[in-house]
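As you go down the protein sequences, you meet chains A and B in turn.
Taking my numbering, I'd label the letters of the first sequence as residues 110 to 347.
Taking my numbering, I'd label the letters of the second sequence as residues 110 to 347.
Note that CB positions come from ideal geometry on N, CA and C, so glycine has one too.
Protein chains: 2
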Amino acid sequence: MVDHTVSSFDDELQGLRSAIMEMGGIAEKMLLDATTALVRRDVNQAQAVVAMDDRLDDLQRQIEERAILTIAKRQPLAVDLREVISAIRIASDIERIGDMAKNIGKRTLAVSGQFEPQKVVLGVNRMSELVQAQLKDALDAYTQGNLEAAMDVWERDEATDALYTSLFRELLTYMMEDPRNISFCTHLLFCAKNVERIGDHTTNIAETVHYLVKGEPLTAERPKKDRTSLEHVEHTGK
Amino acid sequence: MVDHTVSSFDDELQGLRSAIMEMGGIAEKMLLDATTALVRRDVNQAQAVVAMDDRLDDLQRQIEERAILTIAKRQPLAVDLREVISAIRIASDIERIGDMAKNIGKRTLAVSGQFEPQKVVLGVNRMSELVQAQLKDALDAYTQGNLEAAMDVWERDEATDALYTSLFRELLTYMMEDPRNISFCTHLLFCAKNVERIGDHTTNIAETVHYLVKGEPLTAERPKKDRTSLEHVEHTGK
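1. For chain A, find out if any of its Cβ atoms is closer than 8 angstroms to the Cβ of B/M139; answer yes or no.
2. Taking only the alpha-carbon atoms, compute the straight-line gap between B/H319 and A/L280 and give it to the nearest angstrom.
3. Alpha carbon to alpha carbon, how far is A/A128 from A/H310? Give it in angstroms, no decimals.
4. A/G207 and A/A136 - do their beta-carbons sit closer together than 8 angstroms?
5. May I ask you to report which of helix, strand or coil DSSP gives B/E204?
6. For the alpha helix (DSSP H) that contains B/D266, what are its first and last residues?
7. Nearest to A/D167 by CA position, among A/T282, A/M132 and A/M284, is which residue?
8. Given A/K347, which residues of its chain have a CB within under 8 angstroms of its CB, disregarding the five upstream and five downstream residues?
9. Could you give the first and the last residue of the continuous alpha helix (DSSP H) run that contains B/L140?
10. Please list the partners that A/Q184 has in chain B, where partner means a Cβ-to-Cβ separation under 8 angstroms.
11. So B/G308 is in the alpha helix (DSSP H); what residue range does that whole segment cover?
12. What are the residues in the segment 264-294 of chain B lying within 7 angstroms of chain A by C-beta distance?
13. So what's B/R198 in DSSP terms, helix, strand or just coil?
14. Could you check whether the Cβ of A/L327 sits closer than 8 angstroms to any Cβ belonging to chain B?
15. From the beta carbon of A/A301, is the nearest beta carbon of chain B less than 8 angstroms away?
16. Along the chain, where does the alpha helix (DSSP H) containing B/S237 start, and where does it finish?
17. Is B/T217 helix, strand or coil by DSSP?
18. Three Cβ pairs or more, each shorter than 8 angstroms: is that satisfied between the segment 194-214 of chain A and the segment 153-172 of chain A?
19. With a Cβ-Cβ cutoff of 8 angstroms, do B/Y283 and B/C294 count as a contact?
20. Whole-angstrom Cβ separation of A/S338 and B/K323, contact assumed at under 8 angstroms?
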């Protein structure tokens, strides 16, 4: 922990940034491991992912506390204030990414051993790989204060959403073809939704980097939202 | 908006609390209306719910900004600092409650006119009624600083989760019985999940009231979490 009585403001900021980097590393690992565990139906790995989430929750609470103490003590202005606010926001997004990876881990425990179409599992995996790259790039953009890289991440969420929409339709089709697929595919639907939401939080991080660098919120509409809430897949009567 | 140059700290706090009350009122209405629209398949009402969410997002941003300015300017300590932090947290929970109610609205637009088992829609409605009462009581507990009421809300989340779990199983059973139910029931699954998550955010609000009143976080484990991520419903071969 930073010593709040003697450290400089820069030291405090550095402490916040280091803690966020630790959180980012854990969240990246959780997402990768949760997806790998799902693909391999690896119960041990899934349990390990679930266990990792506690550390993320602790770090988020610490970052929030330290950030608020820093605001109260230093009364930072302009970019300094944005640094502290950004730390609070990004920590909150990473904490929620952890919750979703943990949920994928839990669902892997539930589906292990069930009958399943492996093809859709690989679809979730492909989507997860896209989001893993987005998350890594968003965290790098934050570390480097790189606006261009952040905007690139922001635009890539569209591809993830498109993949989610096609996966959603595919899963519904499998469910309609064979009722034995329903239980498993329902869990996969929620796993895919979790990955899609992790993509949203990654986009939030990119928006926070924009706010941090430019000093104003990004007001443009996001490229595209998940549209599956508007989807209606017809049963073909097969 | 509060005038930050001349207002007293108490005025600023009062401004934050009023804005949270406005947010709470909107969120309560959104949840009620989204569920009613779902039950009646009322497209106009569902669209109105979707439109309401913008105001909630604006208010949340305003509260966050004003709260941080207040911390920087007043350097509040002890209960005063907790007041400001609680405002930030509760605004964030209410904003997310709005997102979920909005999602129910969107799904209502998607399912309107579809074949459906009305019984499960009423199940979602019953669950929503429980959560509406929880939300109202959590907001009242915040307004009154009533720890006992907050703890009561906190404990009631268990009933919501139990209802969600039974609804989840019921929905899967409908899907297995008749593939024509799958598309609709999938949307309902996500609606029920949204209501369940609104319950979680309501529990968060109760925990924030605990922190506000007692000065320390509630460390006890939540009574019971949603266990459907561990559910495995067997296909009965019907």
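In this structure, then:
1. No, its Cβ sits nowhere closer than 8 angstroms to a Cβ of chain A.
2. The straight-line gap from Cα to Cα measures roughly 42 angstroms.
3. Distance between the alpha carbons of A/H310 and A/A128: 18 angstroms.
4. Contact: yes.
5. Residue state, collapsed to three classes: helix.
6. Taken as a continuous stretch (DSSP letters only), the alpha helix (DSSP H) holding B/D266 covers L256 to E286.
7. The closest CA to that of A/D167, considering only A/T282, A/M132 and A/M284, is found on A/M132.
8. Reliability of the predicted coordinates at A/K347 is poor, the pLDDT of 38 falling under 50, and no value is obtained from them.
9. That run of the alpha helix (DSSP H) goes F118 to R149.
10. In chain order: A181, K182 and Q184.
11. Run containing B/G308: I291 to K323, per the alpha helix (DSSP H) assignment.
12. From the segment 264-294 of chain B, only L281, M284, M285, P288, R289, I291 and S292 have a Cβ closer than 7 angstroms to chain A.
13. Note: B/R198 maps to helix in three-state DSSP.
14. The beta-carbon of A/L327 is placed no less than 8 angstroms from the nearest beta-carbon of chain B.
15. The Cβ of A/A301 sits no closer than 8 angstroms to any Cβ of chain B.
16. It spans Q227 to Q253 - the alpha helix (DSSP H) in which B/S237 sits, taken as one unbroken run.
17. Helix.
18. Yes, they touch.
19. Yes. Within cutoff.
20. Not confirmed; about 39 angstroms, so no contact.
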